[in-house]
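A.B. asks: Each residue of the sequence shown is one higher than the one before, counting from 4 in the numbering used here. Virtual Cβ for every residue (Gly too), placed ideally from N, Cα, C.
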Amino acid sequence: MGDELVVIVARDVNVRHKPKPILPEEQRRRMIAALKAVDRAILGEEKDIFRTIEQLRPDVITLGYDQHFDEDLLQEELFRRGLQCRVVRITEREPCDLCGSSRIVARILERYRVRRIQSRP
4 MGDELVVIVA RDVNVRHKPK PILPEEQRRR MIAALKAVDR AILGEEKDIF
54 RTIEQLRPDV ITLGYDQHFD EDLLQEELFR RGLQCRVVRI TEREPCDLCG
104 SSRIVARILE RYRVRRIQSR P
């Protein structure tokens, strides 16, 4: 899609559409930065999520399948701010047992409960 992949990681205070993140924002940023495909991972702005986009001036913005942004409204706001970039939504990832922190926590709780039950006389 582009020459460079820069990932903007949401700040903890801006995650409102689901429970508070289990992993702190800086740890999430470092995990994303460690991915081979990612050139750079940065934390987004706390007050104005568009400020980081204005600084980067990307050609393409890629939204995850589960991000709660309306592409048309996002495109309108970008245009209003003088940003000429395409907005693309990626399709849902292949399902896996441990994709996402909620599933990882559920697996840990499942194992913990089983061990406690098994360890009783």
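Excluding sequence positions up to five away, which residues of its chain have a Cβ less than 7 angstroms from the Cβ of residue 1?
C.D. replies: In the structure as shown, the chain begins at 4 and stops at 124. Residue 1 is therefore absent and cannot be evaluated.
A.B. asks: What does the alpha-carbon distance come out to for the pair residue 90 and residue 68?
C.D. replies: On the sequence shown, residue 90 is found 87 positions in, with the first residue counted as 1. On the sequence shown, residue 68 is found 65 positions in, with the first residue counted as 1. Going by the C-alpha atoms only, they are around 12 angstroms apart.
A.B. asks: DSSP on residue 65, reduced to helix/strand/coil?
C.D. replies: Residue mapping note: residue 65 aligns to position 62 of the sequence shown, counting from 1. Residue 65: strand per DSSP, three-state reduction.
A.B. asks: By how many angstroms is the C-alpha of residue 42 removed from the C-alpha of residue 111?
C.D. replies: Numbered from its first residue, the sequence shown carries residue 111 at position 108. Numbered from its first residue, the sequence shown carries residue 42 at position 39. C-alpha separation (whole angstroms): 32 angstroms.
A.B. asks: Please report the distance separating the alpha-carbon of residue 123 from that of residue 30.
C.D. replies: Here residue 123 corresponds to residue number 120 of the sequence shown, with the count starting at 1. Here residue 30 corresponds to residue number 27 of the sequence shown, with the count starting at 1. Only weak support is given to the placement of residue 123: the predicted model assigns it a pLDDT of 47, under 50, and the question is left unresolved by the model.
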